[in-house]
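When we follow my numbering, the leftmost residue of the sequence shown carries the number 1303, and every step to the right adds one. C-beta atoms are modelled at their ideal positions from N, C-alpha and C, and glycine is treated no differently.
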Amino acid sequence: MGLSTVTAKQLEVQRIVDALFKAIAQHRLPPGTRLVEAQIVETLQANRNHVQVALQRLAMQKVVTIEANRGAMVAQPTAREARDIFSARRAIERAIVEAITPAVMRKQRQRIASHMNNERKATSDTDRRAIVRELSEFHLMLGEISGNAVLSDILANLMVRSSLIVALFQRNDVPSCASDEHQQIITALEHGDNHKAVTVMLEHLDELEAQLALEESAPEEFNLRQALSD
C-alpha cells in the first residue's frame, strides 16, 4: 500500500513538472515569470505539496529558480549560460546523431515522416507557438529514436533551457530552427551518412546561437493561469 501511495505521488509530481516544462518550452512562460504556487494549484487542480516538490525538481534542473522571500520563477539564463548550453547541445546532439543507423531510420520511418509533415505545415503558417513546438520536437525525436535514454533525457532538459535562452536573447521573431536543415539531417541519416548529418547539425546549432544577441534583458509580466491552461 505504501509503494502505491509513493507511486501515485511521483506520477502527480511528474504531471505538474511536465505541464510547467511544456509551458516554458513553448514560450508560454518566459524567463522571469513568477510561478505562484496558489495559481498552479488552482490551474492544474494539484496538491500544494506536490507543486512544491515539482518546483524543487525544476530548480535542480536549472529551469526554475527559487529565492527566499520571492518564491519560484522561471529561470533567466545569463549570456554565459547561453553559450555553455549551446556548447553542451553540440556535444549531446553530435552523439545522438552518430548513434542513429539506417536501420533505426527505417524502423522509425512513419514517425519521422509524420513529424516532418507537421513541421512543414507549422513553418508554412504564422502560429509562432506551433512553429516553436514542432521545430523543437525534431531534436527531441532524434534523441528518443537514438536508443540512448540518458542522452535523450539530457537533451530534453537542454531544449527547455534553450527555449529560455531564445526567449531572452533571440535577435528577431524568426524561429530559431530551420525545417530545411532538419530535412538534410534526415536524408543523410537515411543514407547512413552520419558524418554529413553531424556536420549539418553542428552548423545548424551554430546558426541558432548566431541569432542570439547575448545581452541581458528585463522580463515582461505574463499570466501564469492562462499559460498553464493551454
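Buried or exposed: where does residue i fall if 16 or more other Cβ atoms within 10 Å of its Cβ makes it buried?
| i | result |
| --- | --- |
| Gln1347 | exposed |
| Val1468 | buried |
| Ile1318 | buried |
| Leu1313 | exposed |
| Arg1473 | exposed |
| Glu1421 | buried |
| Arg1431 | exposed |
| Pro1379 | buried |
| Ala1424 | buried |
| Ala1490 | buried |
| Ala1321 | buried |
| Ala1310 | exposed |
With distances taken Cα to Cα, identify the nearest neighbour of residue i among the options.
| i | options | result |
| --- | --- | --- |
| Asp1429 | Leu1526, Ala1310 and Arg1330 | Arg1330 |
| Gln1528 | Gln1312, Leu1491 and Ala1325 | Ala1325 |
| Leu1444 | Arg1382, Arg1463, Thr1309 and Met1418 | Met1418 |
| Glu1436 | Ile1447, Ala1401 and Ser1416 | Ser1416 |
| Gln1533 | Val1452, Ala1432, Ile1456 and Ala1381 | Outside the modelled stretch of the chain, which goes from 1303 to 1532, sits residue 1533, for which no answer is possible. |
| Asn1360 | Ala1390, Arg1392 and Ala1327 | Before going on, a small fix: residue 1360 reads as Leu here, not Asn. Cα-wise, what sits closest to Leu1360 is Ala1327. |
| Ala1401 | Lys1311, Ala1458, Pro1379 and Glu1492 | Glu1492 |
| Ala1390 | Lys1498, Met1375, Asp1320 and Ala1458 | Ala1458 |
| His1441 | Lys1409, Val1502 and Arg1408 | Val1502 |
| Lys1409 | Ala1397, Glu1446 and Ile1433 | Glu1446 |
| Thr1403 | Gly1494, Ser1531, Leu1530 and Gln1341 | Gly1494 |
| Ser1454 | Ala1397, Gln1341, Gln1358 and Asp1386 | Ala1397 |
| Ile1456 | Arg1392, Gln1412 and Lys1498 | Arg1392 |
Report yes if the C-beta distance between residue i and residue j is below 8 angstroms; otherwise report no.
| i | j | result |
| --- | --- | --- |
| Gly1449 | Val1406 | yes |
| Arg1336 | Gly1373 | yes |
| Val1353 | Glu1369 | no |
| Val1399 | Asn1496 | yes |
| Ser1426 | Ser1465 | no |
| Leu1507 | Glu1344 | no |
| Phe1388 | Glu1511 | yes |
| Pro1333 | Leu1470 | yes |
| Ala1384 | Leu1516 | yes |
| Phe1323 | Val1452 | no |
| Val1315 | Ala1356 | yes |
| Ile1414 | Ile1488 | yes |
What is the DSSP secondary structure of residue i, counted as helix, strand or coil?
| i | result |
| --- | --- |
| Gly1449 | coil |
| Arg1350 | helix |
| Thr1403 | coil |
| Ser1531 | helix |
| Gln1378 | coil |
| Val1366 | strand |
| Gln1472 | strand |
| Arg1411 | helix |
| Arg1330 | coil |
| Arg1372 | coil |
| Leu1516 | coil |
Under 7 angstroms from any heavy atom of the ligand NAP, does the C-beta of residue i make it?
| i | result |
| --- | --- |
| Glu1492 | The ligand NAP is not part of the structure shown, which contains no ligands of any sort. |
Stretch pair the segment 1480-1493 + the segment 1349-1364: three plus CB contacts closer than 8 angstroms: no
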